[in-house]
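Letter by letter, the sequence shown follows residues 104 to 699 in my numbering.
A short worksheet on the structure shown next.
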Amino acid sequence: MFLPATPEEVRSRGWTELDVILVTGDTYIDSPYHGAAAVGQVLVKEGFRVGIVSQPRVDRIDDITLLGEPKLFWGISAGCVDSMVANYTSSGKRRHQDDFTAGGVNDRRPDRASIAYTGLVRRAFKGTVPIVIGGIEASLRRVAHYDWWDDKIRRSLLFDAKADILVHGMGEWTAVELARRLRDGRPLDDLRGTCRIAREKPEDAIEIVPFDDIVADRSKYVEMFRQFYKHSDPVSGKRLAQRHGDRWLVQNPPAPILDTEQLDRWTDIPWELETHPREAIHGPVKAWETVRFSVMTHRGCYGECNFCAIAVHQGLVIQSRSEESIVREVERMSRHPRFKGILADVGGPTANMYGYECGKKLKKGSCEHKRCVCPTTCPAMPVTHEPHLKLLRKVRSMPGIRKVFVASGIRTDLVMDDSKHGQAYIEEIAAHHVSGQLKVAPEHFDDRILGLMGKPGLDTILDFKERFEKASAKAGKKQFLTYYVIAAHPGCSMEDMEAMGDYARDRFGLTPEQVQIFTPTPGTWSTVMFATGIDPFSGNPVHVERDTLLRRAQKEAVAGRRPGSHARRPTFARQETRQSGGEPRQVARGSRRRGP
104 MFLPATPEEV RSRGWTELDV ILVTGDTYID SPYHGAAAVG QVLVKEGFRV
154 GIVSQPRVDR IDDITLLGEP KLFWGISAGC VDSMVANYTS SGKRRHQDDF
204 TAGGVNDRRP DRASIAYTGL VRRAFKGTVP IVIGGIEASL RRVAHYDWWD
254 DKIRRSLLFD AKADILVHGM GEWTAVELAR RLRDGRPLDD LRGTCRIARE
304 KPEDAIEIVP FDDIVADRSK YVEMFRQFYK HSDPVSGKRL AQRHGDRWLV
354 QNPPAPILDT EQLDRWTDIP WELETHPREA IHGPVKAWET VRFSVMTHRG
404 CYGECNFCAI AVHQGLVIQS RSEESIVREV ERMSRHPRFK GILADVGGPT
454 ANMYGYECGK KLKKGSCEHK RCVCPTTCPA MPVTHEPHLK LLRKVRSMPG
504 IRKVFVASGI RTDLVMDDSK HGQAYIEEIA AHHVSGQLKV APEHFDDRIL
554 GLMGKPGLDT ILDFKERFEK ASAKAGKKQF LTYYVIAAHP GCSMEDMEAM
604 GDYARDRFGL TPEQVQIFTP TPGTWSTVMF ATGIDPFSGN PVHVERDTLL
654 RRAQKEAVAG RRPGSHARRP TFARQETRQS GGEPRQVARG SRRRGP
């Protein structure tokens, strides 16, 4: 059942008022891939009355007042992506299309939507109940941060939006606990997964570099982000405080890790898997059409790529659903009138991280001085593809299921690290779960740039490519790998991109077509590099291409379209000798990333 979006739908449930009203910058789709819908349906499941307002006009109050005023709080989200990312290209041009808007025309989501919607609520309802901002935009802008669109350090979004509370991370647990405390009149100061503004620094809080200091000396952004990142772990993270003028931004530790039983409870929901009728009349939602019949098996990623914000939003811990929960969801999907027997994806941020995690990390938190899978996979990581293999076999044998694809991308280094099940995984993926092309994401083809990206080398991709091609031939299928790469990442020059194009043609027999220009979004190490010109891990200067035309030229150079100079040969000093390599990672939820 849809969350109520009209007064008539509120009354049809027998409700006379709402406890919570959610406001979102996306068209409302009742799906687990829609962040506001997921939080709203979980709140309803826990006994709260929730309504939703999608993409309200900000030049008038008619839309925001449609459902009245909630009893407990307003929940505001810019949508499944940061509103500035949604509205502007990597070249800074205004986007004409919005894939999260019905009909696709980009005329419904305001810039800095969290700020715009909070102001809208305050104009319409003076002295209203607490206004809570959340979602990917709020989560990644929760402390002082570099904003590429303004090219400056901005304050915590909580100050600029003038909201009461900011929820960071995946919001279900925090939203439910917040609603319970507000209902029962209990204090909120220690609520995990939230930020608040205070006049004094709490005694137990760790002070991080103040906002004003970073504005005065941008190099201090490196140390601030290091402090912030260290305490983004739900097990070991501590309360932080950052001075903004005469006030303090207080960040509580992230919400607790959800165990499988709790995750199952909050994902076992009979989703409509449709756009709300009030919005559907405007046309299809492009982003939604690609994931309508997809199953999210887990959340989190331990890839920790430097350009990816998942570490500080979803987290580095893999939280997996049970096989039984996933099967129940597929059974419900199979009864949907539009279902044709094809599951577009059974995966997560990275598909082949399902079902295993480091026991030490679960008890003590993520290691401070080493990463799980870069530059090589940690020996303590119990890599096994058996859970995903078992799940895929189970799902594809279910009645009414014709095809099951793995579209969310895989990390080839993890496949090659799994001596027991890795080869079987390659053969089954090739035989049953590829829709012509399988996504892998080396991101670059130069060890130096890969190091700045926090990515392993290329050895395992080359090995995986050979095995995948043999497995595809064995299955009698002509299938390919799709390679995602990034241009204009900090440290990357035009010559590097030209060399990458040459190398791809020489060793892979192709010209990469899925090339993104790096966009410095809040919440990543790569953005720290872009903002400061410093490699935060070595302290050395790093080249940053800031010119828009030259950033685009780097992308075009991969295809051999060169502005003049003849390309040098690539120099991959360690490439032939390293024993591990890898793939990628992405952004957040409501985010469905484009690969591992």
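Every residue gets a Cβ at the ideal spot worked out from N, C-alpha and C, and that includes glycine.
Predicted model, so just to flag it, every value in this text is computed and none were measured.
CB contact flag (residue i, residue j, <7 angstroms)
i, j, result
"Asp-599", "Pro-559", "no"
"Glu-375", "Asp-133", "yes"
"His-401", "Ser-242", "no"
"His-524", "Glu-569", "no"
"Val-398", "Glu-432", "yes"
"Gly-238", "Ser-180", "yes"
"Arg-299", "Ile-268", "yes"
"Ser-339", "Thr-635", "no"
"Cys-475", "Tyr-405", "yes"
"Pro-173", "Asp-166", "no"
"Ala-578", "Ile-529", "no"
"Ile-445", "Arg-505", "yes"
"Val-142", "Ala-282", "no"
"Asn-209", "His-199", "yes"
"Trp-177", "Val-224", "yes"
"Leu-260", "Ser-217", "yes"
"Ala-660", "Met-597", "yes"
"Ser-469", "Leu-419", "yes"
"Tyr-457", "Thr-487", "no"
"Ile-589", "Phe-621", "yes"
Environment of residue i [buried if 16+ CB atoms lie within 10 Å]
i, result
"Gln-657", "buried"
"Pro-644", "exposed"
"Lys-464", "buried"
"Gly-274", "buried"
"Arg-302", "exposed"
"Pro-452", "buried"
"Leu-652", "exposed"
"Leu-613", "exposed"
"His-472", "exposed"
"Lys-542", "buried"
"Ala-676", "With a pLDDT of 32 at Ala-676, under the threshold of 50, the modelled position of that residue is not reliable, and the figure given next carries that caveat. Classification of Ala-676: exposed, given that the 10 Å Cβ count is below 16."
"Glu-601", "buried"
"Gly-117", "exposed"
"Pro-380", "exposed"
Coarse secondary structure for residue i, derived from DSSP in three states
i, result
"Ala-241", "helix"
"Glu-471", "coil"
"Gly-272", "coil"
"Val-113", "helix"
"Glu-120", "coil"
"Lys-255", "strand"
"Arg-672", "Confidence in Arg-672 is poor, its pLDDT being 37 and thus under 50, which makes the residue's placement unreliable; the coordinate value appears in the next sentence. Arg-672: coil per DSSP, three-state reduction."
"Ser-180", "strand"
"Val-518", "helix"
"Ser-425", "coil"
"Thr-127", "strand"
"Gln-682", "Note that Gln-682 scores 25 on pLDDT, short of 50, meaning its location in the model is unreliable; the coordinates nonetheless yield the value given after this. Reduced to three states, the DSSP call for Gln-682 is coil."
"Leu-553", "helix"
"Ile-218", "helix"
"Ile-360", "coil"
"Pro-699", "Caution is warranted here: a pLDDT of 32 is assigned to Pro-699, below 50, making its placement in the model unreliable, and the coordinate value is therefore given only provisionally. Looking at Pro-699 - three-state DSSP - the assignment turns out to be coil, as it is neither helix nor strand."
"Glu-546", "strand"
"Val-498", "helix"
"Asp-293", "coil"
"His-491", "helix"
"Ala-574", "helix"
"Thr-277", "helix"
"His-524", "coil"
"Met-456", "helix"
Residue i - partner residues in DSSP beta bridges
i, result
"Ile-445", "Lys-506"
"Val-398", "Val-449"
"Gln-540", "Ser-538 and Phe-583"
"Ser-437", "Looking at the DSSP assignment, Ser-437 forms no beta bridge with any residue, so it has no partner."
"Tyr-191", "Arg-197"
"Tyr-700", "The structure shown does not extend to residue 700, since the chain is modelled only from 104 to 699, so the question has no answer here."
"Val-353", "Arg-299 and Ala-344"
"Ile-236", "Ile-179 and Leu-269"
"Thr-479", "DSSP output for Thr-479 lists no bridge partner at all."
"Thr-703", "Lying before the first or after the last residue shown, residue 703 is absent from the chain, which here runs from 104 to 699."
"Val-208", "Gln-200"
Proximity test, Cβ basis, 7 angstroms: residue i and chain D
i, result
"Arg-212", "The structure shown contains no chain D; it is built from a single protein chain."
Practice item. Report the residue ranges of all beta strand (DSSP E) runs contained in full by the region 296-349; include only those spanning at least 3 residues, in chain order. Key: Counting whole runs of 3 or more residues, the region 296-349 contains the beta strand (DSSP E) stretches 297-301, 309-311 and 343-347.
Practice item. Would you list, in sequence order, the uninterrupted beta strand (DSSP E) runs of no fewer than 3 residues that lie entirely inside the region 585-649? Key: Entirely contained in the region 585-649, the beta strand (DSSP E) runs reaching 3 residues are, in chain order, 617-620.
Exercise for review: Starting from the N-terminal side, write out each stretch of the alpha helix (DSSP H) that is 4 residues or longer and does not extend beyond the region 133-177.
Suggested key: 138-148
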